[in-house]
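As you go down the protein sequences, you meet chains A and B in turn. Mind the numbering: the first sequence is residues 1 to 211 in the UniProt record's numbering, read in order. Mind the numbering: the second sequence is residues 1 to 211 in the UniProt record's numbering, read in order.
There are 2 protein chains.
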Amino acid sequence: MAEGLRERKKRQTRQRISDIATGLFLERGFAAVTVADVAEAADVSVNTVYNYFPAKEDLFLDRGEDMVDRLSRWVRGRRAGESAADAVLRELRVLVEGVSPTVGLFAGYADFMRVIADSPALRSRLWALQQESLRGLAATLREEAGPEGHLPDLVAGQLAWLHATVMGWIGAEMIERRDPAEVSREALVLIDETEELLSERVLNYAVREPS
Amino acid sequence: MAEGLRERKKRQTRQRISDIATGLFLERGFAAVTVADVAEAADVSVNTVYNYFPAKEDLFLDRGEDMVDRLSRWVRGRRAGESAADAVLRELRVLVEGVSPTVGLFAGYADFMRVIADSPALRSRLWALQQESLRGLAATLREEAGPEGHLPDLVAGQLAWLHATVMGWIGAEMIERRDPAEVSREALVLIDETEELLSERVLNYAVREPS
DNA sequence: CTTAAAACTTGGAGGCATTGCAAAGTTTCA
DNA sequence: TGAAACTTTGCAATGCCTCCAAGTTTTAAG
């Protein structure tokens with residue numbers, strides 16, 4: 001059964017509102033655009049906007065929500081013989097080395113980050129997403145390596161910190177309008193340095209047994 | 001020159017507003033008390049409240065602001081032969097072992113934490129304070145160990161994470177109304193486990209030379 | 001094809017945080 | 001004592017967000 005007309009329209013409307021809102025925020029800044037502005041530009045009522053998005057911040061950070069699962073996904077998909085940390089480091093290096101937009105390595109990311117950096121509300125929401133990511137990763141590690149003790153939470157904390165640190169650094173550099181390829185190269189160095197700060201205990205946690 | 005009447009009154013008023021607000025929040029929760037309620041209870045106008053506190057959240061987290069300097073202070077005060085991490089671990093252990101209210105080890109902390117846990121706005125503000133603490137610590141480490149490379153930021157990240165993790169765990173346990181002495185004992189174990197996750201690199205960073 | 005139920009949209013009213021402004025009221029200091 | 005400096009206050013306004021009741025549209029059953 002093909003998905004109903006209703007579903008399709010809903011997704012389209014949601015996407016349209018989010019796109020238009022993002023455009024306005026990039027153009028004028030987060031604070032300078034009201035929800036009423038967004039509603040008008042998207043040709044819906046303010047109530048409809050709130051029907052799709054719980055809060056104004058979600059209009060801008062809608063996409064970043066796939067970032068929440070990223071760490072858990074990477075760990076769940078680790079290869080035989082790889083630890084959780086190995087998987088995270090490998091996946092991160094692949095994206096950074098490939099100058100992937102997924103990690104912010106594209107010219108337009110500067111504008112995006114500036115909007116966030118200038119808005120306390122958006123920064124807050126971003127931290128909240130990172131917290132969620134951390135919680136999710138801890139849950140995954142408890143599933144994969146047993147729920148005993150503090151280790152799942154502690155290792156999750158280390159890996160989430162690693163990820164947040166690298167992403168934060170990239171954001172800070174990109175906001176200076178630096179060349180993505182150059183930032184990519186230096187980010188790889190940062191990843192190396194950060195890896196050296198992780199203990200063996202962390203690096204060898206939750207190794208997937210060879211099948 | 002004795003401090004003027006004006007200064008004294010200002011400090012008293014500020015303190016009174018903060019105290020009354022805290023009492024109301026503890027009693028009814030953060031969201032259920034309006035700024036107008038606080039103003040009325042403190043017998044001042046709403047504008048006066050905003051004169052002293054930038055936002056509603058600051059009425060509750062006023063005290064937590066000494067927490068911002070804590071890590072920097074500990075590191076700056078490290079003893080001869082001690083690294084930054086040594087100092088943080090030592091000071092933290094002293095407070096935890098002493099069942100100090102400073103680290104949340106007192107019965108009333110449960111109510112305090114519940115108010116925060118129930119309010120996204122307060123949680124946000126708390127993260128913001130932690131971020132500030134991290135930034136401050138990184139600055140301190142750059143002063144104390146030289147500004148080259150990423151190391152000051154990375155080590156600051158590790159130490160701030162350690163502190164936030166332990167404090168967060170204590171908060172979570174105290175919110176369950178557990179016995180402070182018991183939580184203290186277990187927290188010491190957590191600190192041990194966490195220390196084992198720090199690399200030698202971190203543990204030996206910024207050692208103060210024997211004078 | 002008709003029709004009732006379910007789901008979506010909308011307008012309107014209202015609560016609350018926060019800001020700006022100008023009119024008092026108070027404290028300081030010459 | 002009187003002007004300067006600083007505080008407090010009332011008032012108005014903006015903007016986020018919620019609730020509610022009245023339409024509209026889509027679905028699915030008959």
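All C-beta atoms in this analysis are idealised placements derived from N, C-alpha and C, irrespective of residue type, glycine included. Remember, predicted model here, so these are calculated numbers, not experimental data.
- request: Return no unless some Cβ of chain B is closer than 8 Å to the Cβ of T140 (chain A).
  value: no
- prompt: Is there a Cβ from chain B that is less than 8 Å from the Cβ of D102 (chain A)?
  reply: Correcting the residue identity first, residue 102 (chain A) is Thr in this sequence and not Asp. No, its Cβ sits nowhere closer than 8 Å to a Cβ of chain B.
message: Would you say V166 (chain A) lies against chain B (beta-carbon separation less than 8 Å)?
response: no
message: For a cutoff of 8 Å on Cβ pairs, would you count E132 (chain B) as touching chain A?
response: no
- request: Tell me L198 (chain A)'s beta-bridge partners as DSSP assigns them.
  value: B:L198
- prompt: Would you say the segment 190-201 of chain B touches the segment 116-129 of chain B, given that touching needs at least three Cβ pairs under 8 Å?
  reply: no
message: I need the straight-line Cα distance from S184 (chain A) to D66 (chain A), nearest angstrom please.
response: 21 Å
Buried versus exposed call for K9 (chain B) [16 or more other C-beta atoms within 10 Å across all chains shown]: exposed
task: Using a cut-off of 7 Å between C-beta atoms, extract the partners of R201 (chain B) located in chain A.
output: E196 and L197
query: What number of angstroms, rounded off, separates the C-alpha of T102 (chain A) from the C-alpha of L95 (chain A)?
result: 7 Å
CB-CB length for V75 (chain B) against V88 (chain B), believed under 8 Å: 7 Å
task: Taking L24 (chain B) and V38 (chain B) to be in contact with their CB atoms under 8 Å, please state how far apart those CB atoms are, rounded to whole angstroms.
output: 6 Å
Pair within 8 Å by beta-carbon distance, R208 (chain B) and G81 (chain B): yes
- request: Rounded to whole angstroms, what's the CA-CA distance from A110 (chain B) to E182 (chain B)? Just pull it up for me.
  value: 14 Å
message: Which residue marks the beginning of the alpha helix (DSSP H) containing L143 (chain B), and which one marks its end?
response: Going by the sequence as given, residue 143 (chain B) is Glu instead of Leu. Its alpha helix (DSSP H) spans residues P120 to A145.
- prompt: When DSSP labels each residue in this structure, what does R177 (chain B) get in the three-state scheme?
  reply: coil
- prompt: Three-state secondary structure (DSSP) at N204 (chain A)?
  reply: coil
- request: Starting from the Cα of A187 (chain A), find the closest Cα among A:S211, A:L151 and A:E97 and give me that residue.
  value: A:E97
field: Nearest-angstrom Cα separation, counted from Y50 (chain A) out to Q130 (chain B)
entry: 31 Å
task: For chain A, find out if any of its Cβ atoms is closer than 8 Å to the Cβ of E193 (chain B); answer yes or no.
output: yes
Buried/exposed call for V189 (chain A), threshold 16 Cβ in 10 Å: exposed
query: Which residues, in order along the UniProt domain "HTH tetR-type" (11-71) of chain A, keep a beta-carbon less than 9 Å from a beta-carbon of chain B?
result: none
query: If you run the structure through DSSP and keep just helix, strand and coil, what is T34 (chain A)?
result: coil
message: With a threshold of 8 Å between beta carbons, is H163 (chain B) in contact with chain A?
response: no
Top-ranked residue by Cα proximity to L137 (chain B), from B:L154, B:D19 and B:S72: B:S72
- request: Buried or exposed for E148 (chain A), please, with buried defined as at least 16 other CB atoms from any protein chain shown within 10 angstroms of its CB.
  value: exposed
message: Please report the distance separating the alpha-carbon of A32 (chain A) from that of L92 (chain B).
response: 44 Å
message: Report the CB separation of V35 (chain B) from V44 (chain B) in whole angstroms; it is logged as a contact under 8 Å.
response: Going by Cβ atoms, the distance from V35 (chain B) to V44 (chain B) rounds to 11 Å, so no, they are not a contact pair.
query: If you follow the alpha helix (DSSP H) that T102 (chain B) is part of, which residue opens it and which one closes it?
result: Counting along the chain, T102 (chain B) falls outside any alpha helix (DSSP H), and DSSP gives it neither H nor E.
F60 (chain B): first and last residue of the uninterrupted alpha helix (DSSP H) it sits in: K56 to F60
- request: Indicate the three-state DSSP secondary structure (helix, strand or coil) for G157 (chain A) in the structure shown.
  value: helix
- request: Mind listing the chain B neighbours of S83 (chain A)? Cutoff is C-beta to C-beta under 8 Å, in chain order.
  value: The premise fails here: S83 (chain A) is roughly 14 Å from chain B at the closest Cβ pair, so nothing lies under 8 Å.
- request: Spell out whether any CB of chain B is found under 8 Å from the CB atom of L105 (chain A).
  value: no
query: How should W169 (chain A) be labelled, buried or exposed, when 16 other C-beta atoms within 10 angstroms of its C-beta is the threshold for buried?
result: buried
message: Within 8 Å of any Cβ in chain A, is that where the Cβ of A206 (chain B) sits?
response: no
field: Element boundaries [alpha helix (DSSP H), containing E91 (chain A)]
entry: A84 to E97
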